[in-house]
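Numbering (the numbering used here), first residue to last: 12 to 307. Ideal Cβ placement from N, Cα and C applies to all residues, glycine included.
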């Protein structure tokens with residue numbers, strides 16, 4: 012059981028159902044996705060609490076590592092926010108649904124956090140890439156296919172197989188090496204990936220390997236969520252194969268479409284310019300907006 016505020020519980024896998032019971036009532040904000048919370052809790056310092064049937068989280072800031080607090084829900088939400096702000100200077104990553112349910116917004120200073128907007132894409136469009144707006148993506152996939160079609164093969168990731176877990180980890184390390192990242196720079200993401208695949212039986216994951224000449228050159232790991240959504244957790248590919256990332260994204264969308272998914276969340280860009288340009292180039296259908304909130 013999750014403790015009630017002001018007490019907090021250290022996040023662990025046993026909290027999955029309680030958290031999902033709350034989060035499935037709303038659009039799938041990445042910061043409140045249980046799988047993401049669990050995987051990225053690499054230092055075991057994320058804590059959670061229940062306040063008026065709303066979910067409160069305390070976790071490290073993605074950039075600074077300093078503790079931040081957020082809340083998801085709409086039950087007695089203004090009372091809940093006021094309770095939190097007695098002890099906490101401000102809330103971050105507050106979903107728009109929370110803001111929309113505040114009756115007296117003038118009491119607060121509310122600021123958009125553009126760097127943390129989740130990018131939401133239409134699965135059917137990324138599966139088919141129709142029309143002129145996706146012409147460039149289709150051409151790039153065509154070039155990738157022309158260069159590798161004879162040797163190209165695909166298969167699902169078997170998360171219960173040790174050999175597939177090893178393959179996922181090995182390709183991640185190759186991805187790190189090819190991009191000249193230091194071990195220290197990649198440590199947190201590596202640990203998050205390890206936590207995800209070592210506990211995969213607790214999550215509704217859909218993963219795909221791509222092979223060229225019997226060599227695994229890329230993978231995409233996604234989670235099928237309720238309410239026709241999915242979320243992409245990890246996608247890695249070898250640098251030498253031009254446009255493989257576009258191919259992987261479309262391939263994952265085709266698979267997710269067969270699972271009944273209508274939208275996929277590619278999470279935030281954290282204000283990283285190159286990442287923002289990349290995610291915008293895939294033409295998001297909409298964003299899940301988030302805000303900072305404190306007393307005015």
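If only uninterrupted alpha helix (DSSP H) runs of at least 4 residues are considered, those enclosed by the region 146 to 181 are 146 to 159. Each of 295, 301 and 302 was checked against the Cα of residue 137, and the nearest Cα belongs to 295. Counting only residues of its own chain and dropping the five nearest sequence neighbours on each side, residue 306 has a CB closer than 8 Å to the CB of 96, 118, 119 and 120. The shortest CA-to-CA distance from residue 292 to any of 13, 34, 38 and 130 is the one to 130.
Burial is judged here by how many other beta carbons sit within 10 angstroms of a residue's own beta carbon; residue 276 has at least 16 and is buried. For residue 289, the uninterrupted alpha helix (DSSP H) segment begins and ends at 284 to 292.
Counting only the Cα atoms, residue 18 lies some 53 Å from residue 146. Residue pairing of residue 12 in beta bridges, as defined by DSSP: absent, with no partner found. With a cutoff of 8 Å on beta-carbon distance, residue 40 and residue 106 are scored as near each other. Taking 4 residues as the shortest admissible run, the region 33 to 63 contains the following complete alpha helix (DSSP H) segments, listed from N- to C-terminal end: 45 to 50.
In the DSSP assignment, residue 74 falls outside any beta strand (DSSP E), carrying neither H nor E. Apart from the 5 residues on each side of it in sequence, residue 79 sits with its Cβ closer than 6 Å to the Cβ of 72 and 103 in its chain, given in chain order.
Judged by DSSP secondary structure, residue 269 falls within the alpha helix (DSSP H) whose first and last residues are 255 to 269. The Cβ-Cβ distance between residue 46 and residue 244 falls below 8 Å. Taking a C-beta distance under 8 Å as the contact criterion, residue 299 and residue 128 qualify as a contact pair.
Here the C-alpha atom of residue 25 lies approximately 14 Å from the C-alpha atom of residue 55. By a beta-carbon distance limit of 8 Å, residue 179 contacts residue 230. Their separation comes to about 6 Å. Residue 126: not part of any beta strand (DSSP E); DSSP gives it neither H nor E. Secondary structure at residue 300: coil, using DSSP grouped into helix, strand and coil.
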